[in-house]
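Below is one structure, written out as C-alpha cells; comments come after it.
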Amino acid sequence: MGLMRNKFLAAYKQAGMKPPKASGKTRRAEPHANNRDDPSVAHGSSKLANKTQTQKTKTSSNKTGRATTINSRRSKTAWGADKRKTRKALPKPNVSTQTKTTPPSVAKPTGVSARPPFSVTLVGTPHYQFCHDKHSSARLIERSTELGVRMQLSPGGVGDAHDVTLGFDFGTSAVKVVVGDATIEKYFAVPFRDGVGINQYLLPCRVWETTDTWSSKYSLTGGDTAYRDLKLSLLAEPDEKANLIRAIAFFALIFQQVRAWLFIEHAEIYRAADIYWSIAIGLPSESHIDNALTPIFERAVRIAWKMSVEREIHAAAISTILEESNTPEIDAEISVVPEIAAQIYGFVSSPSSSFDKQRSNRYAIVDIGAGTVDSSIFEVKQKQGLWNFTYYTAVVEPNGVANLHAHRIGWWTKVLSGHDPANIAIKDLLADKYSTDTESAIPQSYKDYIANVVVEFNDKKQPDPDNDFFSRRLLRQVKGRTIWRCWNKELLGQNDIEGMPIFVCGGGARMSFYSKLVDVMPRTEGTTWISLVPWQLKRPTNLICRGVRDADYDRLSVAYGLSRLHLGVVDTAQPLPQESSTQKATFQDRYIDKDQV
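Be aware that the sequence shown starts at -4, since it is given in this note's numbering, and climbs by one per residue.
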C-alpha cells in the first residue's frame, strides 16, 4: 500500500510482532458483555499483535513454600541478546561541525557472559499480581438519535452563518473530538462518557456489530461482537474492506454523537444558525509525508459523514458506497492533517502563547500513545494567514504503552519457563499479554508483575527488561532515528539542534517509565550537541473542557489543533548546502546502524 505501509509492517517485524487484523480467522473479536449498558472499555493502550481474546484470567494460589534458587541455563541462542553479535568498541570520533560521526550511544553493549545471566529465587508460589478491573464504570452518555442525524438544528434557518470544524483525533485506544466555531472563536471538547476529569472526553475505539436478517449493523454500546484496534488495523491493511467498513461505521456513530451533543448543549447558538461543516482528521506524521493513507482516510470520513444521517449504520450500505468508483459528495470539507503538526499549531496559535515570526520556530515532539510513539522534528512558519510545516524527520514505531506491557510479559514468561510452580502464573501472564479492555494503568516497573519471585542479575551488564526497552527501542527512536539522523542527513546543523524545544506528551507520558525522556533529553554522553530543552504544552484559554486539569490538556491537544488549523503547505526538508571542503565520515554504531537510521 505504499511506503508508509511497508515502514509500518517493518516496524512490527522488527518488534517481533504481527500487525493487527480485524477480519477473517485472526480478527480481534469478543462476545458481547451481559449488560449492554456497561460495555468493556479499552484502556489507554491497545494490543499491537492480533490475538484471539483469551479466557478470563485465573486466580492463582499464593501458598508460601520453601525458598528455591535456580540458575538460568539458557544458551546464547536464547539469551545472547537475541543473537546480537558482539563488536569491538569503536573509537570515539572527534566531534566537529564539519565532520560526521557516530550517532549517540543510547545503550551499553551487552556481551554474552559465561555465567547464567540471572538467578531465579522462588519464595513461594509465583502468581501474577497485576489484577485489574477490565470494565469501566464510565458509560456512554445517551443522546437523541433524532438530533444526531441532523446536519442543522433548524433546517432552513435564516440566522448567522457559522464555520464549524470537528477536530477528530482518531487515536489507537480512544477518540477525542473538539468542535471549533471560528465565527465566535469558541472551542468545545465533546464529552462522551459520564466519567470525571479527562476520562469523560476519551471514547474507546471500539465498535459493536450485530448481525440481523438484512445486514450487520453497528453500535457504540453493545452487540454480538466487539471490534477493537480499528486504527491499527486500518494502518496495517488499508485495502482490507472489512477494516474500512468498521472504521467508517465507527466514524459515522461518532459524528452522530457530536452533533447531538452540540445541538443539546448549545441550542441557543445554533437554533437559527446556518452551519458550514468541516472535519479535520489526524494521521501519524510519517503517514502524511508518505501520502499513501491520506486519500484513504479522507474517503472514509466522507462516506462516514454521508452515512451519519441514517438512524442505523449498516455494513451493506457502507459496502455499496465503497464499491462505487466516485467519492460521494457531501456538504462538508474534509482535511487530513499530521497529528503532531496539529499539536504544535495548537501551542503556537493559542491565546496563551505568543508566536514570534523572527524565531526559527523549530521543535521536536514525542507523542507516546497506546500503540505507537510518534517522534518528529519540524519547523513552523506563518504566511498570509496559513501555517506551513517543514518536516526534517518523522518516525512512527510500535513503542507505546501496550508494547511495553507485552515486552515485560514476554520477559517474565521466559524467566519462569521450566519452573513447574510458575505454570499458572505463566498462563495468567500470557492471557493478559495483549489486554486492551482495561483503563487501569499498567505497572510502573516490570518488578510489579510477579509476586514470590526474586530475580538477581549475575551479569551487571545484562539489562533488565525496562532498561532494555527504554535504551534499545525508545531512546534509539528518539535520539537516534529522529534527532541524530536529522543532522547526519545534513538537514540541520548541530547549532540548530542544540537547545531546541522538545515536547513529550500523550497518554503514555504520564508513566514514570516514559517521563524519563524529559530527564535524558537535555544531555547526551559523547554527543553534547544533542541537548534539547523540555517544554510543556499550555492549555489554551479559549478551550472549554470542564473538569480537565491543565496537566491533562495534552490528551486533547491534537483535537484542539485540528479544530482550528488553517493548514498551508506540509513538505519535507532538503539537505543543507555543503561547502566543498566538508568531509563526511560514517561509523557504524552497535545499536543504530546505517539500515536502522
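Backbone N, C-alpha and C define an ideal beta-carbon position, used for all residues, glycine too.
Let me know if residue i comes out buried or exposed under the rule of 16 or more other beta-carbons within 10 Å of its beta-carbon.
i, result
"Trp209", "exposed"
"Ile259", "exposed"
"Thr167", "buried"
"Gly162", "buried"
"Ser507", "exposed"
"Pro199", "buried"
"Asp427", "buried"
"Arg544", "exposed"
"Gly366", "buried"
"Ala310", "buried"
"Ile363", "buried"
"Pro416", "buried"
"Glu334", "buried"
"Val564", "exposed"
"Lys226", "buried"
"Asn490", "exposed"
"Ser355", "exposed"
"Asp189", "exposed"
When you compare the CB positions of residue i and residue j, do they come within less than 9 Å of one another, or not?
i, j, result
"His157", "Tyr265", "yes"
"Tyr441", "Asp459", "yes"
"Cys481", "Tyr387", "yes"
"Thr484", "Ile525", "In the sequence as presented, Thr is not what sits at residue 484; that position holds Lys. The answer is no: Cβ separation not under 9 Å."
"Ile542", "Gln252", "According to the sequence shown, residue 542 is Gly rather than Ile. Not in contact: Gly542 and Gln252 (Cβ atoms no closer than 9 Å)."
"Ala336", "Leu560", "yes"
"Pro111", "Leu411", "no"
"Val332", "Val375", "no"
"Val304", "Val159", "no"
"Ala242", "Ala295", "yes"
"Ala436", "Val172", "no"
"Val170", "Ser558", "no"
"Phe165", "Ile276", "yes"
"Trp113", "Val448", "The sequence given here places Phe at residue 113; Trp does not occur at that position. Not in contact: Phe113 and Val448 (Cβ atoms no closer than 9 Å)."
"Asn537", "Tyr182", "yes"
"His414", "Val202", "no"
"Ala287", "Pro233", "yes"
"Trp479", "Thr522", "yes"
"Gly405", "Gly556", "no"
"Phe250", "Ile274", "yes"
For a test of the three-state rule: what should DSSP assign to residue i, helix, strand or coil?
i, result
"Gln583", "Only weak support is given to the placement of Gln583: the predicted model assigns it a pLDDT of 30, under 50, and the value that follows is read from those uncertain coordinates. Three-state result, Gln583: coil."
"Val304", "coil"
"His122", "strand"
"Ala177", "coil"
"Glu451", "strand"
"Ala568", "coil"
"Ser330", "strand"
"Gln338", "helix"
"Cys593", "Residue 593 falls outside the range modelled here, since the chain spans only -4 to 592, and no answer is possible."
"Thr367", "coil"
"Gly475", "helix"
"Leu411", "helix"
"Leu135", "strand"
"Arg188", "strand"
"Trp524", "coil"
"Pro529", "strand"
"Gln489", "helix"
"Ile325", "coil"
"Tyr222", "strand"
"Phe344", "The displayed chain sequence assigns Ser, not Phe, to residue 344. The answer is helix: DSSP assigns Ser344 an H, G or I state."
"Ala169", "strand"
"Asp545", "helix"
Taking residue i as part of the beta strand (DSSP E), name the residues at either end of that continuous run.
i, result
"Arg254", "Looking at the DSSP string, Arg254 is not in any beta strand (DSSP E); the run it does join, the alpha helix (DSSP H), is 236 to 260."
"Asp155", "Unbroken run through Asp155: none, as it is neither H nor E."
"Ile363", "357 to 363"
"Tyr271", "269 to 278"
"Lys212", "211 to 214"
"Tyr509", "Looking at the DSSP string, Tyr509 is not in any beta strand (DSSP E); the run it does join, the alpha helix (DSSP H), is 507 to 515."
Taking the alpha helix (DSSP H) that residue i belongs to, which residues open and close that run?
i, result
"Lys226", "225 to 231"
"Asp615", "Limits of the chain in this structure are -4 at one end and 592 at the other, which puts residue 615 out of reach."
"Ile313", "310 to 318"
"Ala554", "552 to 559"
"Ile437", "Neither: Ile437 is in no alpha helix (DSSP H) and is coded neither H nor E."
"Phe464", "460 to 464"
Next on the checklist: Any contact between the region 522 to 533 and the region 380 to 391? By contact I mean 3 or more CB pairs, one from each, below 8 Å.
Outcome noted: Verdict: no, contact absent.
Item to check | At least three beta-carbon pairs within less than 8 Å, the region 460 to 473 to the region 352 to 371 | outcome: Three or more Cβ pairs drawn from the region 460 to 473 and the region 352 to 371 lie within less than 8 Å of each other, which places the two stretches in contact.
Checklist entry - So, do the region 293 to 301 and the region 233 to 247 have three or more beta carbon pairs nearer to each other than 8 Å? => result Segments in contact, yes.
Next on the checklist: Quick test of the definition: if touching needs 3 or more C-beta pairs under 8 Å, does the region 312 to 324 touch the region 368 to 378?
Outcome noted: Between the region 312 to 324 and the region 368 to 378, the count of C-beta pairs closer than 8 Å stays below three; the two stretches do not touch.
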